[in-house]
Amino acid sequence: MYNIRIEFIEKHDLLSNSPYGFRKQHATHHVILDIMNQIHSNLDNKLYTRAVCLDLKKAFDTVNHNIMLKKLSIYGIRGCMQD
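In this note's numbering, the protein residues as written are 18 to 100.
Below you can see the structure in the form of structure tokens.
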């Protein structure tokens, strides 16, 4: 069931290219490589680089679940999903 959800999300291009860790060919170490490439590019172009690091572990607990369910429904994700 997990694969079906990911395939649906990828098929409809619902995520940016940034989320790593749970998608095919998007290992968590790729984010480090992307950040390093951006920093090197900025240095080459004499640009500044700033970073904001957030720990979003508890973010799901703060989401209004009714709004989230409505938005998921708009994307065609409805009902109970079981593994």
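The beta carbon of each residue, even a glycine, is placed where N, CA and C say it ideally should be.
Which of helix, strand or coil does DSSP assign to residue i?
i	result
V48	helix
I94	coil
L71	coil
Taking only the alpha-carbon atoms, compute the straight-line gap between residue i and residue j and give it to the nearest angstrom.
i	j	result
R67	D51	14 Å
C70	I56	15 Å
T79	M85	11 Å
I91	L31	11 Å
H82	E27	23 Å
D61	H46	23 Å
G96	E24	17 Å
M18	Y65	Its pLDDT being 47, under 50, M18 is placed unreliably in this model, and the coordinates cannot settle the point.
Can you tell me where the alpha helix (DSSP H) with residue i in it begins and where it stops?
i	result
L31	No alpha helix (DSSP H) holds L31; DSSP gives it neither H nor E.
L86	82-91
A76	76-79
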